[in-house]
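Residue numbers (the working numbering), protein chains in the order written: chain A, 18 to 127; chain B, 20 to 133.
Below you'll find the structure, written out as structure tokens, and then a few comments.
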């Protein structure tokens with residue numbers, strides 16, 4: 018079983034709609050969860066971190082964590098073409114190593 | 020505020036050689052982590068250094084090593100290069116303060132092993 022799983026996509030979303038990105042993880046002892054955005058040819062950029070169950074909002078981004086179900090999601094409201102990128106989910110495992118998923122490619126359709 | 024710098028940006032080496040990559044973190048950040056990114060395996064954690072001490076290590080062979088200096092600059096070394104070591108090597112500058120967590124990646128070093 019892969020430690021952090023994401024659908025590779027591409028996920029195509031019309032401009033202005035809500036993009037929903039999902040991630041599941043296997044280590045129940047994980048405590049910290051992160052979402053990164055990576056544009057083609059660029060380095061990853063940390064956009065959200067979440068540590069407790071529930072929702073965390075930052076501008077157009079909302080991270081959702083459900084530890085019982087071992088999933089993390091990222092919602093992007095009012096999607097813009099500039100949101101087109103690969104989104105990486107990462108989990109800080111119980112041995113304090115950050116494990117990344119392979120990412121979901123998001124394409125916002127103008 | 021200056022960002023994370025990595026040198027060199029591009030490198031071509033042959034099998035069996037060794038390579039040293041450098042990372043200068045953001046001023047005030049004492050933690051540096053290194054990652055390898057390949058199309059097949061994605062982004063994989065190599066090691067983390069804090070105050071000149073290796074705090075954590077990923078599942079890579081002993082050919083991969085690193086160190087951190089008193090000014091927080093970090094180097095990683097790969098000895099006896101293999102074709103499979105061709106990748107983008109990223110370092111991340113990190114700062115934890117209470118519940119606050121900052122992390123910024125450098126631009127990476129693209130290593131090609133021929």
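In this text, a Cβ means the ideal position worked out from N, Cα and C, and glycines have one as well.
Under a three-way DSSP split, which group does residue 31 of chain A fall into? In the structure shown, residue 31 of chain A falls within a strand segment according to DSSP collapsed to helix, strand and coil.
Supposed contact pair residue 105 of chain B and residue 45 of chain B - C-beta distance, whole angstroms, cut 8 Å: A Cβ-Cβ distance of about 28 Å is found for the pair residue 45 of chain B and residue 105 of chain B, leaving them out of contact under the 8 Å criterion.
Under three-state DSSP, which class holds residue 22 of chain B? Of the three classes helix, strand and coil, the one that applies to residue 22 of chain B here is coil, per DSSP.
How would you call residue 55 of chain B, buried or exposed, if buried means at least 16 neighbouring beta carbons within 10 angstroms? Residue 55 of chain B comes out buried.
Using the beta-carbon count (16 or more within 10 Å), is residue 74 of chain B buried or exposed? Label assigned to residue 74 of chain B: exposed.
Below 7 Å between beta carbons is the criterion; list the residues of the region 90 to 106 of chain A that meet it against any residue of chain B, in chain order. Correct list: 105.
Chain A within 7 Å of residue 127 of chain B, Cβ atoms only: Chain A contact via Cβ: present.
Below 8 Å on the Cβ atoms is my guess for residue 102 of chain A versus residue 55 of chain A; work out the distance and round it to an integer in Å. That pair is a contact at about 6 Å.
Check whether residue 125 of chain B and residue 42 of chain B have beta carbons under 7 Å apart: With contacts defined by Cβ atoms closer than 7 Å, residue 125 of chain B and residue 42 of chain B form a contacting pair.
Exposed or buried, what is residue 80 of chain B when buried is set at 16 or more other beta-carbons lying within 10 Å of its beta-carbon? Classification of residue 80 of chain B: exposed, given that the 10 Å Cβ count is below 16.
Under 7 Å between C-beta atoms, does residue 47 of chain B make it to chain A? Chain A, which has no Cβ nearer than 7 Å to the Cβ of residue 47 of chain B, makes this no.
DSSP three-state call for residue 100 of chain A: helix, strand or coil? Note: residue 100 of chain A maps to helix in three-state DSSP.
Residues that residue 41 of chain A bridges to, as DSSP identifies them: Bridge partners of residue 41 of chain A: A:22 and A:88.
Which of the three DSSP states is assigned to residue 72 of chain A in this structure? It is a strand residue.
Rounded to a whole number of angstroms, what is the C-alpha to C-alpha distance between residue 122 of chain A and residue 39 of chain A? Rounded to whole angstroms, the separation of the alpha carbons of residue 39 of chain A and residue 122 of chain A is 12 Å.
Nearest residue (CA-CA) to residue 68 of chain B, options B:58, B:100 and B:90: Closest by alpha carbon: B:90.
Cβ shell of residue 63 of chain B (< 7 Å), same chain only, five flanking positions each side left out: For residue 63 of chain B, where only same-chain residues beyond five positions count, the Cβ hits under 7 Å are 54, 55 and 77.
Count the other CB atoms within 10 Å of the CB of residue 22 of chain B; is the residue buried (16 or more) or exposed (fewer)? Classification of residue 22 of chain B: exposed, given that the 10 Å Cβ count is below 16.
Nearest CA to the CA of residue 57 of chain B: which residue from B:116, B:132 and B:107? Nearest of B:116, B:132 and B:107 to residue 57 of chain B, Cα basis: B:107.
Check whether the Cβ atoms of residue 115 of chain B and residue 97 of chain B sit closer than 7 Å, and answer yes or no. No, they are not a contact pair.
Do residue 21 of chain A and residue 116 of chain A have their CB atoms nearer than 7 Å? In this structure, residue 21 of chain A sits near residue 116 of chain A, with a CB-CB distance shorter than 7 Å.
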